[in-house]
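Single-structure report; data block below.
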C-alpha cells in the first residue's frame, strides 16, 4: 500500500523526480502498481471497472493487467482521486452541444507542467534556441484547454485572438525572425495549419532559419478540410521552408498528462519513460503482436489525479520499439439508415 | 427471353424467384394497397367515378446504404414490379462487404427478364442519376442532404434517413421465455444494424431487473448459438462493443455478458431512461421508465423512431405517447425485422410515391 499522499505538494514533487529517474520495466511496474492502488481506493468508477475484471491491488501482478478507463467515461463521471477537494485545473474535450465534454480534473497542474516540459525536452523540441509560436488561444483565453496550457508551460506567443487567427501578425514576426536568423518553433492543431496554408497560399514561401521546427497535434474534426498527413507535411515544408524531419506530431489528450512525439510524416511515436503505450486487441484485452493493429492504451504515471490507465479508440500498429499511430476508429461503421451516436452527438476532439 | 409486359407477369416472376421475400399473395395486396388496383399500371381502372391509370417511372435510381441489404432489395423489387429500369448504386467498398455481396447476389439470381431491368454501379453516376425519374435513397443524414441537393424539382426523392427502433415490455415480471426469445430475435437479426433493429428495451419502472436480465440473457445466448452464420467481429466492431461494456462497468451498471465473454451480444441495464444510441452488433440497453417519462426519455430521437416492438399489450395511453414521438410502426416482439410487404417504410407508401397518375375524365 502506498504511503505517499498525492495531495501533498512535497509528495507530488518527489513523485515527479521519481518519474525522471531511470525507469526500467521493473521500476515502472512497481510505481504503476503503487499509483494503481492509490487510485483504486479513491476513484469509484475506476474501482468498479477493476472489480468487474477481478483486478484489485492485491491481485495485480503486472501493470499490463490494469484495466483501462475508456475515454468516454470522462464525459459521464468525475474521475478525481481527491474527493471533495477543489481541482486546481480542469481540462475539457469538446462536445459542447451535448453539454457533456470529457473532463480531466487535476488537483494542481504541477505534474502536468513538469512532464509537458520534460517530455518535450526529451524529444528534443525545447532546447532553448527556438522562439516559440502557437496557433492556439492563450491559456488565459482558453483555461480549459490542455493544449493551450501545455503551450503556456513552454512559453511563447499565441496567435489566436478573440476574432480568430492573426496570420498577418505571425507572418510579420516570422519574416523578422528569418532576417535575424532566429530559429522558430511553430505549434498548433493540424486544422490550424490547414487554415494557415490556405491563408498564405498567395504569398511567397518562407524559409525558416536552420534549427526551426513545426509541431502539429493532429485532428481536423470538422474545423477545416481534412488532408492526408503526407500532404499536410509536404505543404508545411514547402510554405515554411523546413525539412520533413523538422515537422513533428504530438500525440496527447486532455484525459492524460503525458505526450508522445513522432518526427516526419512516417515517424514512430516515442513515449517518455514514465508512460507506456500498449497496442491492445479489444477482443482479448491483451497486447497484439508486433506488426499487428490494435487500440492504443496508455499507462501514464504522471496522471496521478484521475486514472493512470486510459483506453482510447486510436488505432496503431505495434512496432518493435513502440507503435505507429494510424488514425482514430470511426465512431460508426456502415450504419446506413440506423441512427447512430454520431447523429446524436457532435464530433469530439481536444480543444 | 420472353417479353414481359404486365405487372402480373413481373409479379409472377418475382414471387417465383423469391417466394419467401416476396410471397405470391402479398404482392397483389401491396399493389392494391398502394395503387388502388393490381392492374392500375396496365389498364384504366375506376377511381372516384373517373378512369385513372398509373404511370410507372421510366428509371429509378436506388442508393443503397452499407448497413444491410434488405432495404435495397425491397426497393429494387418494387421498382421491378413497376417495370421501371433500375439503377442500383451499391454501398461503397469501405462499407460492409456483406451488404454489397448480398445485393449483387439478389440481382444475379433474378429471372432474366427482370435482371435485364437492373444495372448496378459502384460509384454514383451523374448521368444515370440525372436521367432517373425517382431517387430512392437509404443512409445517413449527411448522405440524404447531399443527394437531395443533387435532385431536380421534377425528380421524386424518396429518402429513408436514419432511424431507431425500440422494444417495449408491457409486463416484464411475467415475460415468458418465448417472449424473451422474440426480443432476442429482434436484437440479433441483421446484427442489429437496421433501422428496424431495437437499440433499447424499455419497460415500466418497478420491474425486477435482475431476473428479467437473466431471462433475456439466456434468450440472447440461445438465439446467438442458433445463428447459422455468425456476423463478423472485426477490430472496429469489437472495439465498440468492448467500450460499451467497460463504460457500463465503470458507471456501475449491471452488465450481462455471454459465456466466455464472446462478442455476440451484450445486455446492459442503464438506470438512466434517456435514450442513447447503442453501438449495435448485439449491444442492447435495458431502460426502466416511470409513468409519464416517455416523452422526455425519447426526446433525443423524437421524429426518428421507426418501429416499437411490443411484448405484451400496449396501453392506449402509451400508444398515444409513442405516436406523439413520431413512431411509424407498432408490431409484436419478434416481428420487428419482418414487416409485411404492405408496410409503409418510415410511414411512406413508397411504391405509390414512385408512380404518377393519368386521369381520364368523362367526356361531356
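Chains as they are written, first to last, in the numbering used here: chain A, 2 to 352; chain B, 186 to 549. C-beta atoms are modelled at their ideal positions from N, C-alpha and C, and glycine is treated no differently.
Mind checking whether the beta-carbon of residue i lies closer than 7 Å to any heavy atom of the ligand SAH?
i                      : result
residue 317 of chain A : Because no ligand of any kind appears in the structure shown, any question about the ligand SAH cannot be addressed here.
Using alpha carbons as the reference points, say which of the options lies closest to residue i.
i                      : options                    : result
residue 312 of chain B : B:198, B:245, B:266, B:345 : B:245
residue 67 of chain A  : A:234, A:312, A:93, A:284  : A:312
residue 107 of chain A : A:180, A:257, A:194        : A:257
residue 254 of chain A : A:266, A:26, A:219         : A:219
residue 255 of chain B : B:323, B:494, B:486        : B:323
residue 307 of chain A : A:42, A:31, A:183, A:17    : A:42
residue 53 of chain A  : B:547, B:439, B:211        : B:439
residue 249 of chain A : A:237, A:215, A:89, A:242  : A:215
residue 228 of chain B : B:548, B:450, B:542        : B:542
residue 84 of chain A  : A:187, A:321, A:7, A:268   : A:7
residue 491 of chain B : B:482, B:508, B:512        : B:512
residue 203 of chain B : B:216, B:258, B:239        : B:258
residue 409 of chain B : B:328, B:499, B:376        : B:376
residue 247 of chain B : B:471, B:341, B:437        : B:341
residue 436 of chain B : A:35, A:51, A:287          : A:51
residue 497 of chain B : B:390, B:389, B:356, B:220 : B:356
residue 264 of chain B : B:452, B:275, B:251, B:242 : B:242
residue 213 of chain A : A:119, A:261, A:112, A:134 : A:134
Which residues in chain A sit within 7 Å of residue i, going by Cβ to Cβ distance?
i                      : result
residue 448 of chain B : 284
Checking contacts by CB at 8 Å: is residue i closer than that to chain A?
i                      : result
residue 519 of chain B : no
residue 198 of chain B : no
residue 423 of chain B : yes
residue 533 of chain B : no
residue 544 of chain B : no
To which residues does DSSP link residue i through a beta bridge?
i                      : result
residue 274 of chain B : B:248, B:306
residue 380 of chain B : Answer is none; residue 380 of chain B lacks a bridge partner.
residue 71 of chain A  : A:312
residue 264 of chain A : A:249
residue 104 of chain A : A:93
residue 324 of chain A : A:270, A:319
residue 350 of chain B : B:383
residue 159 of chain A : A:135
residue 542 of chain B : B:239
residue 492 of chain B : B:514
residue 83 of chain A  : Its beta-bridge partners do not exist; DSSP assigns none.
Does chain B have any CB closer than 8 Å to the CB of residue i?
i                      : result
residue 78 of chain A  : yes
residue 53 of chain A  : yes
residue 257 of chain A : no
residue 98 of chain A  : Residue placement at residue 98 of chain A is flagged as unreliable, the pLDDT there being 40, under the threshold of 50; a coordinate-derived value is accordingly withheld.
residue 67 of chain A  : no
For residue i, return the contacting residues in chain B, with the cut-off set at a CB-CB distance below 8 Å.
i                      : result
residue 279 of chain A : The contacting residues do not exist; residue 279 of chain A stays about 14 Å from chain B at best.
residue 73 of chain A  : 428, 432
residue 50 of chain A  : 431, 434, 435
residue 46 of chain A  : 435, 436, 437
Which chain B residues sit within Cβ distance under 7 Å of residue i?
i                      : result
residue 70 of chain A  : 435
residue 330 of chain A : 421, 424
Query raised in the report: Residues in the region 429-443 of chain B with C-beta within 7 Å of chain A's C-beta atoms, listed in sequence order?
Result: Cβ contacts with chain A come from 431, 432, 434, 435, 436, 437.
Report task. Output, in sequence order along the chain, the residues in the region 306-324 of chain A whose CB is closer than 9 Å to any CB in chain B. Result -> Listed by position along the chain: 312, 314, 316.
Query - Residues in the region 397-427 of chain B having any Cβ partner in chain A nearer than 9 Å - result: For the region 397-427 of chain B, which is checked against every Cβ of chain A, the residues closer than 9 Å are 418, 419, 420, 421, 422, 423, 424, 425, 426, 427.
Query raised in the report: What residues in the region 285-303 of chain A bring their beta carbon closer than 8 Å to a beta carbon of chain B?
Result: Answer in chain order: 286, 294, 295, 296.
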